[in-house]
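The opening position of the sequence shown corresponds to residue 262 in this note's numbering, with each subsequent residue numbered one higher. The structure under discussion appears below in the form of structure tokens.
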Amino acid sequence: MHYNYQQKHAIWKIIFQYYNILEQHQELKIQTENLVDILHIEQNQEEDKKEKIKENKRKKIEMIFLIIGGFVTLASLVSAYKDAMELFG
Numbered sequence: 262m263h264y265n266y267q268q269k270h271a272i273w274k275i276i277f278q279y280y281n282i283l284e285q286h287q288e289l290k291i292q293t294e295n296l297v298d299i300l301h302i303e304q305n306q307e308e309d310k311k312e313k314i315k316e317n318k319r320k321k322i323e324m325i326f327l328i329i330g331g332f333v334t335l336a337s338l339v340s341a342y343k344d345a346m347e348l349f350g
């Protein structure tokens, strides 16, 4: 069958109304947007977890260097004390 443009337009209009296509399209669009938002939130949470893990590792390494620095400082003070005792004592 061959339909002219106005007939096709009228048929599509009837189909749209009968099947509530516009409403279904809007609902699907909203659901898709909500899903994208949820996925975005989950992705951000994963990135935050990774950042926290990196931050914890950095803090542990920093603490190790502080402890090593403290031992080096203590050893230097002991050495300086011994040198001062030999020089003045």
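The beta carbon of each residue, even a glycine, is placed where N, CA and C say it ideally should be. Note that this is a predicted model, so its numbers are computed, not measured.
Pairwise C-alpha distance: F326 and N317 = 14 Å
Along the chain, which unbroken stretches of the alpha helix (DSSP H) at least 4 residues long are found entirely within the segment 266-346?
-> 266-279
Among the residues of its own chain, which have a CB less than 8 Å from the CB of E284, if the five just before and after it don't count?
-> none
9 Å Cβ cutoff met for I282 and I276 | yes
CA-CA distance, H286 and Y266?
-> 24 Å
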